[in-house]
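Residue numbers (UniProt numbering), protein chains in the order written: chain X, 1 to 250; chain D, 1 to 250.
Note that beta-carbon positions come from the ideal geometry of N, C-alpha and C, so glycine has one too.
Only a predicted model underlies this, so the values are computations on that prediction, with no experimental measurement involved.
Have a look at the structure below before the remarks.
There are 2 protein chains.
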Amino acid sequence: MDTKQILTFDLPDKVLTSLPTGAVKDTVEQLGKSIVQGVYETDAVLPREEELVEKLNVSRTVVREAVKVLCGKGLVRTARRYGSRVCPFESWNLLDPDVIRWHDPNSPRTARIYAEATDMRIIFEPEAAALAAKNASREQRDLIVAAAKGIDPKHGDAAMIGADYTFHATILQASGNLMLSQLQNIVYAVILFSYSAGRFAAPEEKVVQRLHVGVAEAIDNGEADLARKRMHDMLKANQAMAREFAAIAK
Amino acid sequence: MDTKQILTFDLPDKVLTSLPTGAVKDTVEQLGKSIVQGVYETDAVLPREEELVEKLNVSRTVVREAVKVLCGKGLVRTARRYGSRVCPFESWNLLDPDVIRWHDPNSPRTARIYAEATDMRIIFEPEAAALAAKNASREQRDLIVAAAKGIDPKHGDAAMIGADYTFHATILQASGNLMLSQLQNIVYAVILFSYSAGRFAAPEEKVVQRLHVGVAEAIDNGEADLARKRMHDMLKANQAMAREFAAIAK
DNA sequence: TTTTCAATATTTGTCGGACAATTACTGAAT
DNA sequence: ATTCAGTAATTGTCCGACAAATATTGAAAA
């Protein structure tokens, strides 16, 4: 693999939503986002099926199938004569790719989720890095190294985010654990959050790249303990910067 | 709280399934289990909607709503003229409570999932224990201690499983991180798997109880580092025993 | 006035049928 | 053997009707 050629990385066009394109998918997206972003508060009743039919210009069939999908993700609960109500926050499937994605990075309401997601990353990603150092394929090691080098401001924000995500997602995949691998949705959400509204530490971008390359090289060399430590230190530093930024923003 | 009174713990009757009781829920359960347990292999087409209508004795409306829910969990994918096909394993939402629960503990096919779930537990439960030592409320600390003491063979299998689950679930809740808390579904599945078919190490039950009590006391005393270490050692020991058992079974 | 209880209204749940849209499949023509 | 148009099969969407459950209401009773 020619790493010289791989300098930019696209964002995943479809981080996931298994529903096929169509009216149901659009309706799920719209209702899901509205709920997650707080348009309807906890225990609030959604508009009646009939009203949603008018508002969204779809048939009742579509509305019902969409609401059922949201039930399956723990967002709403329905009953006869009771309406469809928003479930309390704790019962949402926060690890569902869609539910994660629907959070609005710019809403102060979701700040808690991102803080907790960051804590999750600090727990899982160091171990994933250690596993990747042991289990990654040749191609995965190359990709991890190339992505780390691609985290460079000179490529623009989009390419930087893409490289950042590719780096972390590939490490999770290379761990060989499917559940661990699925946490890349959390990583993706946190990265988007970090970069949106200029939350990333602009002046220190070179430091960020250097830290990523350090982790990548440890993985590439199969040094599990070193990879674990470097990933941990990097995420901790990142968390500290984010907290500092949040404090200033207030 | 009188810990003397809390000696037995019930299993959670409803570990979760947000769908309300009714034909749709039953259909989701049946189809979901069939897929997860391997009745339909990857890329296999499900019976046509019309056939499912006959087989399950429900209307097409119900079948469609159920299939849509399964789409939302990444299990199936539908298209016109294409049928509803089982998605490849990697795209399943393995962290979804229902998807976890639908795995059959007695199927050799799902052994991999339980092995990976066990690896996951070793990663996040020690950290959860450390967080719980810092953040747990008085009631949670009492409950954790009581549950640990309740892991006693003299109460029978069901009560033992209940205490075991209560112990781990309460620790995750006490961590204060909602995402971490939702991983209790993984713990529940692994515990059921461990106990089913006599996989647990019967002669050493007292050791198991002692180890749990050790973790509980560390949490109760607010000793985060000690709690982390003890939880880690306990899970590692448990994993080693499980592997030994699996090797013998072959 | 408060409580109880039956009647009512409202909302989702389920059913059935019809047609649209997409695409895998078939068979003829090249 | 290949291409291509036609056909058939399957899910997608719409509609209308009624069933089931329950929140609400109002009257009767204490």
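Within the 9 angstroms Cβ cut-off, does residue i reach chain X?
| i | result |
| --- | --- |
| P47 of chain D | no |
| D119 of chain D | yes |
| A246 of chain D | no |
| S34 of chain D | no |
| N177 of chain D | yes |
| F89 of chain D | yes |
| I191 of chain D | no |
| P20 of chain D | yes |
| S107 of chain D | no |
| E139 of chain D | no |
| L52 of chain D | no |
| L226 of chain D | no |
| N238 of chain D | no |
| V28 of chain D | yes |
| I186 of chain D | yes |
| I219 of chain D | no |
| T61 of chain D | yes |
| L235 of chain D | no |
| L31 of chain D | no |
If we define contact as Cβ-Cβ less than 9 angstroms, is residue i a contact residue for chain D?
| i | result |
| --- | --- |
| P153 of chain X | no |
| G214 of chain X | no |
| A66 of chain X | yes |
| T78 of chain X | yes |
| E116 of chain X | yes |
| L56 of chain X | no |
| G83 of chain X | no |
| V15 of chain X | With a pLDDT of 48 at V15 of chain X, under the threshold of 50, the modelled position of that residue is not reliable, and the figure given next carries that caveat. No, its Cβ sits nowhere closer than 9 angstroms to a Cβ of chain D. |
| K4 of chain X | With a pLDDT of 40 at K4 of chain X, under the threshold of 50, the modelled position of that residue is not reliable, and the figure given next carries that caveat. Judged by the 9 angstroms Cβ criterion, K4 of chain X is not in contact with chain D. |
For a contact defined as C-beta to C-beta under 7 angstroms, what are the partners of residue i on chain X?
| i | result |
| --- | --- |
| D96 of chain D | N93, D96 |
| G74 of chain D | S18 |
Hey, would you say residue i sits closer than 9 angstroms to residue j, going by beta carbons?
| i | j | result |
| --- | --- | --- |
| V187 of chain X | A216 of chain X | no |
| S18 of chain X | S34 of chain D | no |
| A133 of chain X | I219 of chain X | yes |
| A129 of chain D | A224 of chain D | yes |
| G32 of chain D | L56 of chain D | no |
| M179 of chain D | E125 of chain X | no |
| T27 of chain D | V62 of chain D | yes |
| N177 of chain D | L131 of chain D | yes |
| A159 of chain X | V213 of chain X | no |
| R64 of chain D | E49 of chain D | yes |
| P105 of chain X | A79 of chain D | no |
| V24 of chain X | K25 of chain D | no |
So, under 8 angstroms CB-CB, residue i and residue j are touching, yes? Tell me the CB distance rounded to an integer number of Å.
| i | j | result |
| --- | --- | --- |
| L192 of chain D | L183 of chain D | Contact doesn't hold; Cβ gap of about 15 angstroms is too wide. |
| H103 of chain X | A44 of chain X | 18 angstroms between Cβ atoms; not a contact. |
| V86 of chain D | E29 of chain D | Rounded, the Cβ-Cβ distance is 16 angstroms, inconsistent with contact. |
| L235 of chain X | I122 of chain X | 5 angstroms |
| Y195 of chain D | D152 of chain D | That belief does not hold up - the Cβ atoms of Y195 of chain D and D152 of chain D are roughly 14 angstroms apart, past 8 angstroms. |
| S175 of chain D | N221 of chain D | Incorrect: roughly 17 angstroms between the Cβ atoms, too far for contact. |
Would residue i be called buried (16 or more neighbouring beta carbons within 10 Å of its own) or exposed?
| i | result |
| --- | --- |
| K4 of chain X | At K4 of chain X the pLDDT is 40, less than 50, meaning the model places this residue with poor confidence; the figure from the coordinates comes in the next sentence. Exposed, by the Cβ-count rule. |
| S107 of chain X | exposed |
| S59 of chain D | exposed |
| D98 of chain D | buried |
| T110 of chain D | buried |
| N238 of chain X | buried |
| E127 of chain X | buried |
| K206 of chain X | exposed |
| Y114 of chain D | buried |
| R228 of chain X | buried |
| S137 of chain D | exposed |
| N93 of chain D | buried |
| D96 of chain D | buried |
| N185 of chain D | buried |
| K73 of chain D | buried |
| V208 of chain X | buried |
| A146 of chain X | buried |
| R210 of chain D | exposed |
| A66 of chain X | buried |
| D13 of chain D | Per-residue confidence for D13 of chain D stands at a pLDDT of 47, beneath the threshold of 50, marking its modelled position as unreliable; the derived number appears in the next sentence. It is exposed - the Cβ of D13 of chain D has fewer than 16 other Cβ atoms within 10 Å. |
| R81 of chain X | exposed |
Please compile the residues from chain D whose C-beta is within a distance smaller than 8 angstroms of the C-beta of residue i.
| i | result |
| --- | --- |
| F124 of chain X | I123, F124 |
Residue i versus chain D: which residues are under 9 angstroms apart at the beta carbon?
| i | result |
| --- | --- |
| L172 of chain X | Under the 9 angstroms cutoff, chain D gives no residues; its nearest Cβ is about 12 angstroms from L172 of chain X. |
| L180 of chain X | E116, D119, M120, I123 |
What in chain D is Cβ-close to residue i, meaning under 7 angstroms?
| i | result |
| --- | --- |
| V24 of chain X | K68 |
| E127 of chain X | I123 |
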